[in-house]
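J.:
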Amino acid sequence: MKPAISVIFLTTLIGAGQGLFLAFYSADWFVLLGILRAPLNDYSGHAAALSVLLLALGLAASFFHLGHPERAWRAAAMWRSSWLSREVIALPAAMLLILGYAVLKISAMDSIVLLLGESIPISISMVVGFGAVLAICTLFVCTAMIYACLKFLRQWHSPLTVLNFLLMGCASGFTLASALASYSQDGRFAYFVGMAIFLTLAALIFRFATLLRNKGLRSPSSLQSAIGVHHPTIRQIAQGAMGGSFNTRAFIHNYGASIVRLARRGFLLLGFVIPLLLLQISNESSILICSLAFVLQYLGLLAERWYFFIEAEHPQNLYYQMIS
Amino acid sequence: MTQLALVIDLNTCVGCHACVTSCKEWNTSGQAGPMVDQNPYAADPTGTFFNRVQSFEVGTFPNTQTVHFPKSCLHCEDPPCVPVCPTGASYKRAEDGIVLVDYDKCIGCEYCSWACPYGAREIDEQQKVMKKCTLCVDRLYDESLPEAERKPVCVLSCPTSARIYGDIHDPESDASKAISDAGGYQLMPEWGTAPANHYLPRRKVSIAVHDEDLQRVDNPLRKEDRGPRKPTTRTTLDDSTSW
Numbered sequence: 005m006k007p008a009i010s011v012i013f014l015t016t017l018i019g020a021g022q023g024l025f026l027a028f029y030s031a032d033w034f035v036l037l038g039i040l041r042a043p044l045n046d047y048s049g050h051a052a053a054l055s056v057l058l059l060a061l062g063l064a065a066s067f068f069h070l071g072h073p074e075r076a077w078r079a080a081a082m083w084r085s086s087w088l089s090r091e092v093i094a095l096p097a098a099m100l101l102i103l104g105y106a107v108l109k110i111s112a113m114d115s116i117v118l119l120l121g122e123s124i125p126i127s128i129s130m131v132v133g134f135g136a137v138l139a140i141c142t143l144f145v146c147t148a149m150i151y152a153c154l155k156f157l158r159q160w161h162s163p164l165t166v167l168n169f170l171l172m173g174c175a176s177g178f179t180l181a182s183a184l185a186s187y188s189q190d191g192r193f194a195y196f197v198g199m200a201i202f203l204t205l206a207a208l209i210f211r212f213a214t215l216l217r218n219k220g221l222r223s224p225s226s227l228q229s230a231i232g233v234h235h236p237t238i239r240q241i242a243q244g245a246m247g248g249s250f251n252t253r254a255f256i257h258n259y260g261a262s263i264v265r266l267a268r269r270g271f272l273l274l275g276f277v278i279p280l281l282l283l284q285i286s287n288e289s290s291i292l293i294c295s296l297a298f299v300l301q302y303l304g305l306l307a308e309r310w311y312f313f314i315e316a317e318h319p320q321n322l323y324y325q326m327i328s
Numbered sequence: 019m020t021q022l023a024l025v026i027d028l029n030t031c032v033g034c035h036a037c038v039t040s041c042k043e044w045n046t047s048g049q050a051g052p053m054v055d056q057n058p059y060a061a062d063p064t065g066t067f068f069n070r071v072q073s074f075e076v077g078t079f080p081n082t083q084t085v086h087f088p089k090s091c092l093h094c095e096d097p098p099c100v101p102v103c104p105t106g107a108s109y110k111r112a113e114d115g116i117v118l119v120d121y122d123k124c125i126g127c128e129y130c131s132w133a134c135p136y137g138a139r140e141i142d143e144q145q146k147v148m149k150k151c152t153l154c155v156d157r158l159y160d161e162s163l164p165e166a167e168r169k170p171v172c173v174l175s176c177p178t179s180a181r182i183y184g185d186i187h188d189p190e191s192d193a194s195k196a197i198s199d200a201g202g203y204q205l206m207p208e209w210g211t212a213p214a215n216h217y218l219p220r221r222k223v224s225i226a227v228h229d230e231d232l233q234r235v236d237n238p239l240r241k242e243d244r245g246p247r248k249p250t251t252r253t254t255l256d257d258s259t260s261w
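Protein chains in written order, with my numbering: chain A, 5 to 328; chain B, 19 to 261.
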């Protein structure tokens with residue numbers, strides 16, 4: 005498949021945004037349960053606002069993918085059958101709920117609504133945040149299932165795709181949370197960094213497992229089954245168009261093997277290995293190292309998503325092996 | 019249940035592209051708007067087509083055959099492109115099984131083209147909507163056309179009658195008979211899309227000529243032992259003219 009640039013930005017930006025919210029919301033719970041120390045200056049609301057911004061940027065990027073962005077509202081119609089339609093609903097829902105959490109936190113309108121176990125006070129923001137977590141989990145699944153549900157794109161058709169989207173999104177979100185915590189001397193830093201390291205490592209393991217899985221994949225389709233002629237030697241001599249067609253422009257990438265190899269090594273290093281090392285050596289005041297870790301990881305994940313498209317082999321390419 | 023479809027005979031297709039040009043002509047002048055071209059008269063001409071003819075060389079020289087392969091939407095009975103459409107622009111008609119795109123609802127997200135293993139869908143670069151073969155749905159039920167012309171225009175234009183149109187769920191239709199008589203098959207059956215369009219395979223065409231076909235065994239002259247007339251040495255009309 006040819007990489008769709010706007011989709012690369014959409015999936016990476018919303019992944020980081022979702023991970024960022026999960027980082028701060030989960031930290032809220034640990035503070036409530038007394039496991040983490042409450043920060044002196046709680047900026048969870050601002051972090052959630054940043055998460056909404058990332059999701060909004062992703063949403064904006066997705067519009068560049070459409071031929072008719074003014075009709076985008078129609079895309080919510082087929083949620084019963086289409087994962088893309090479900091994503092179109094889950095994304096604004098997640099944005100609204102995270103925004104609700106952010107507004108409640110920042111505006112000090114937050115109030116206690118119930119007591120959990122007679123001692124843990126639950127505020128409205130925590131309830132709204134819980135809704136946001138549900139929306140975020142739905143969004144992760146919807147986004148990944150857009151790719152994973154296409155059964156003849158064998159490189160994508162795997163539960164690993166969903167797991168990878170979830171882990172990579174959370175990893176980049178927690179890395180960003182670490183950077184924010186290092187910037188504001190936050191006691192939650194150790195939690196964010198620990199989780200960022202754990203998630204990045206897990207993401208690396210499963211992404212590497214996916215690379216290994218895809219290396220051994222063989223498509224059940226061949227030129228023989230594509231045209232139904234069962235002869236071992238078939239050579240295309242004309243594809244029906246001299247100047248290419250949508251089929252050659254949208255599905256066939258012309259990147260050489262060396263660029264693809266560079267991208268694979270690049271995303272493994274930038275997206276996972278280097279951030280892991282940087283996070284490992286960081287401490288509560290290393291603003292630069294944590295920020296660098298996030299920037300490099302995000303660039304790495306852009307490369308990863310680019311490679312994700314390159315990796316997928318569309319069976320329609322069997323029909324387009326030679327122009328004439 | 020009706021499932022209209024094409025049956026394409028690879029044994030008789032000569033790769034003349036008449037179906038391609040007639041398809042483009044009919045559909046570009048239709049009510050759904052033009053099928054736009056880019057650089058039509060310059061280098062690298064390209065554009066939107068519903069139907070293309072590809073050619074494949076099968077075998078190793080000198081034992082090769084050229085297979086011309088017309089390729090269009092197969093109107094799958096379980097079309098993978100339809101459930102993925104977020105707007106419902108892609109749909110399969112219940113009454114005749116034709117898979118269509120509502121160009122007024124399509125947002126041009128290209129997701130359906132990712133979901134089609136055959137590459138049957140093309141985005142129109144100017145109108146920015148997904149387009150594909152409509153099986154000339156605007157001809158099939160048009161009562162202003164003579165009944166014989168209520169068929170896809172590619173079928174009407176094919177000079178070798180390599181394209182057969184009909185309801186493949188009706189065992190008495192020409193299409194169904196062609197599939198069962200000549201071993202019609204589906205493309206990429208491994209994906210379970212159940213394409214409605216079928217292809218008829220290349221077949222060895224030969225006539226067995228027996229002696230009795232050349233000489234009548236029950237010739238009454240032979241019965242009387244008189245045999246056919248001996249060739250004459252006179253010049254016949256066939257020898258003297260050369261038309």
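C-beta: ideal position from N, C-alpha, C; glycine also.
Tell me which residues share the same chain as A:Y311 and place their Cβ nearer than 8 angstroms to its Cβ, disregarding the 5 neighbours each side in the sequence.
T.: Here residue 311 of chain A is taken as the residue at index 307 of the first sequence, counted from 1. Once the five neighbours on either side are set aside, the close Cβ partners of A:Y311 are V264, A267, R268, F271.
J.: Can you say whether B:G210 is buried or exposed, counting buried as having 16 or more other CB atoms within 10 angstroms of its CB?
T.: Taking the first residue of the second sequence as position 1, residue 210 of chain B is located at position 192. With fewer than 16 other Cβ atoms within 10 Å, it is exposed.
J.: Between the C-alpha atoms of B:P213 and B:L22, what's the straight-line distance to the nearest angstrom?
T.: For this step, residue 213 of chain B is matched to residue 195 along the second sequence. For this step, residue 22 of chain B is matched to residue 4 along the second sequence. Taking the straight line from one Cα to the other gives about 11 angstroms.
J.: Measure the alpha-carbon distance for A:P224 versus A:H161 and round it to whole angstroms.
T.: Taking the first sequence and counting its residues from 1, the one referred to as residue 224 of chain A is at position 220. Taking the first sequence and counting its residues from 1, the one referred to as residue 161 of chain A is at position 157. One C-alpha to the other measures close to 14 angstroms.
J.: Look at A:C294 and A:S188 and say whether their C-beta atoms are less than 9 angstroms apart.
T.: Taking the first residue of the first sequence as position 1, residue 294 of chain A is located at position 290. Taking the first residue of the first sequence as position 1, residue 188 of chain A is located at position 184. A:S188 sits away from A:C294, with the two beta carbons spaced by 9 angstroms or more.
J.: Closer than 8 angstroms by C-beta to A:A8: which residues in its own chain qualify, once you throw out the five before and the five after it? Chain order, please.
T.: To locate residue 8 of chain A, count along the first sequence from 1; it is residue 4. Here the set comprises H69, F313.
J.: Verify the CB distance criterion: does B:S131 have a CB-CB separation below 9 angstroms to chain A?
T.: Numbered from 1 along the second sequence, position 113 holds the residue referred to as residue 131 of chain B. With 9 angstroms as the cut-off, B:S131 counts as an interface residue toward chain A.
J.: Tell me whether the beta-carbon of A:Y47 lies closer than 9 angstroms to the beta-carbon of B:K89.
T.: What you label residue 47 of chain A is simply residue 43 of the first sequence in a count that begins at 1. What you label residue 89 of chain B is simply residue 71 of the second sequence in a count that begins at 1. Cβ distance not < 9 angstroms, so A:Y47 and B:K89 don't count as in contact.
J.: Is there at least one Cβ from chain B nearer than 9 angstroms to A:F13's Cβ?
T.: Looking up residue 13 of chain A in the first sequence gives position 9. Not closer than 9 angstroms to any Cβ of chain B, the Cβ of A:F13 fails to qualify, so no.
J.: Nearest to A:A106 by alpha carbon, out of A:I116, A:V56, A:S85?
T.: As a working note, residue 106 of chain A is residue 102 in the first sequence. Among A:I116, A:V56, A:S85, the Cα nearest to that of A:A106 belongs to A:V56.
J.: Which residues in the same chain have their Cβ closer than 8 angstroms to the Cβ of A:E91, if we skip the five residues on either side of it in sequence?
T.: Locating residue 91 of chain A in the first sequence gives position 87, where the first residue counts as 1. Same-chain partners within the cutoff: L143, C146, T147, I150.
J.: Would you mind telling me which residues of chain A sit closer than 9 angstroms to B:T78, beta carbon to beta carbon, in chain order?
T.: Taking the first residue of the second sequence as position 1, residue 78 of chain B is located at position 60. Under the 9 angstroms cutoff, chain A gives T237.
J.: Got a sec? Which residues, its chain only, sit under 7 angstroms from B:T20 by beta carbon, not counting five neighbours each side?
T.: For the purposes of this step, residue 20 of chain B is taken as residue 2 along the second sequence, with counting starting at 1. Closer than 7 angstroms at Cβ, skipping near neighbours: E113, D114, G115, D185, H187.
J.: Report, in whole angstroms, the separation of the C-beta atoms of A:L157 and A:H257, which I expect to be a contact under 8 angstroms.
T.: Here residue 157 of chain A refers to the residue found at position 153 of the first sequence. Here residue 257 of chain A refers to the residue found at position 253 of the first sequence. Not really, about 14 angstroms apart at Cβ, beyond 8 angstroms.
J.: Does DSSP put A:Y323 in a helix, a strand or coil?
T.: Within the first sequence, the letter at position 319 stands for residue 323 of chain A. Reduced to three states, the DSSP call for A:Y323 is helix.
J.: For A:A27, which option in A:S176, A:H234, A:L227, A:Y302 has the closest C-alpha, if you only look at C-alpha atoms?
T.: Numbered from its first residue, the first sequence carries residue 27 of chain A at position 23. Of the listed residues, the one whose Cα sits closest to A:A27 is A:S176.
J.: Helix, strand or coil for A:H50 per DSSP?
T.: Numbered from 1 along the first sequence, position 46 holds the residue referred to as residue 50 of chain A. Residue state, collapsed to three classes: helix.
J.: Provide the residue span of the beta strand (DSSP E) that contains B:T82, from first to last.
T.: Residue 82 of chain B sits at position 64 when you count from the first residue of the second sequence. Segment 81–90, the beta strand (DSSP E) holding B:T82.
J.: According to DSSP, is B:V235 helix, strand or coil?
T.: For this step, residue 235 of chain B is matched to residue 217 along the second sequence. Coil at B:V235, not helix or strand.
J.: If you reduce the DSSP assignment to three classes, tell me which class A:P125 lands in.
T.: In the first sequence, counting from the first residue as 1, residue 125 of chain A sits at position 121. A:P125 falls in the strand class under three-state DSSP.
J.: Can you tell me whether B:W261 is buried or exposed? The criterion is at least 16 other CB atoms within 10 Å of its CB, across all chains shown.
T.: As a working note, residue 261 of chain B is residue 243 in the second sequence. Per-residue confidence for B:W261 stands at a pLDDT of 49, beneath the threshold of 50, marking its modelled position as unreliable; no derived number is given.
J.: Could you pull out every residue in the same chain whose Cβ sits closer than 6 angstroms to the Cβ of A:I18, ignoring the five residues on either side in sequence?
T.: Counted from its first residue, the first sequence places residue 18 of chain A at position 14. Closer than 6 angstroms at the Cβ level, and outside the excluded window around A:I18, lie L59, G62.
J.: When you compare the region 30–46 of chain B with the region 61–79 of chain B, are there three or more beta-carbon pairs, one atom per stretch, that lie closer than 8 angstroms?
T.: Segment contact: the region 30–46 of chain B against the region 61–79 of chain B, three or more CB-CB distances shorter than 8 angstroms; contact assigned.
J.: How is B:W261 classed by DSSP in three states: helix, strand or coil?
T.: Start at 1 with the first residue of the second sequence, and residue 261 of chain B comes out as number 243. Reliability of the predicted coordinates at B:W261 is poor, the pLDDT of 49 falling under 50, and no value is obtained from them.
J.: Please classify A:H257: does DSSP put it in a helix, a strand, or coil?
T.: As a position in the first sequence, residue 257 of chain A is number 253, starting the count at 1. Looking at A:H257 - three-state DSSP - the assignment turns out to be coil, as it is neither helix nor strand.
J.: Would B:P177 pass as an interface residue toward chain A - the criterion being a Cβ-Cβ separation below 9 angstroms?
T.: The residue given as residue 177 of chain B occupies position 159 in the second sequence. Answer no: the Cβ-Cβ gap between B:P177 and chain A never drops below 9 angstroms.
J.: CB A:Q228 to CB A:M326, shorter than 9 angstroms?
T.: Here residue 228 of chain A refers to the residue found at position 224 when the first sequence is read from its first residue. Here residue 326 of chain A refers to the residue found at position 322 when the first sequence is read from its first residue. Result no, Cβ atoms of A:Q228 and A:M326 do not sit closer than 9 angstroms.
J.: Given a cut-off of 9 angstroms, decide if A:S86 and B:P273 are closer than it, judged by their beta-carbon atoms.
T.: Residue 273 of chain B lies beyond the residue range present for chain B, which begins at 19 and ends at 261; the question has no answer from this structure.
J.: Express the C-alpha separation of A:I238 and B:E75 in angstroms, rounding to a whole number.
T.: As a position in the second sequence, residue 75 of chain B is number 57, starting the count at 1. As a position in the first sequence, residue 238 of chain A is number 234, starting the count at 1. For B:E75 and A:I238, the distance between alpha carbons rounds to 6 angstroms.
J.: Interface residues of chain B around A:T248 at Cβ under 8 angstroms?
T.: Mapped onto the first sequence, residue 248 of chain A falls at position 244. Looking at the sequence itself, residue 248 of chain A is Gly, so the reference to Thr does not match. D62, T64, listed in chain order.
J.: Taking its Cβ as the centre, do 16 or more other Cβ atoms sit within 10 Å of B:Q347, making it buried, or is it exposed?
T.: Within the shown structure, residues of chain B are numbered from 19 to 261, placing residue 347 of chain B beyond reach of any answer.
J.: In the DSSP assignment, what residue or residues form a beta bridge with B:R70?
T.: The sequence position of residue 70 of chain B within the second sequence is 52, counting from 1. Looking at the DSSP assignment, B:R70 forms a beta bridge with B:K89.
J.: How is A:F250 classed by DSSP in three states: helix, strand or coil?
T.: The residue labelled residue 250 of chain A in the question sits at position 246 within the first sequence. Correct three-state label for A:F250: helix.
J.: Whose CA, out of A:F196, A:S127, A:W33, A:L154, lies closest to the CA of A:F298?
T.: Position 294 of the first sequence, counted from the first residue, corresponds to residue 298 of chain A. The shortest CA-to-CA distance from A:F298 to any of A:F196, A:S127, A:W33, A:L154 is the one to A:F196.
J.: Does any residue of chain B have a CB that is nearer than 9 angstroms to the CB of A:P7?
T.: Looking up residue 7 of chain A in the first sequence gives position 3. Taking Cβ atoms only, chain B never reaches closer than 9 angstroms to A:P7, which makes this a no.
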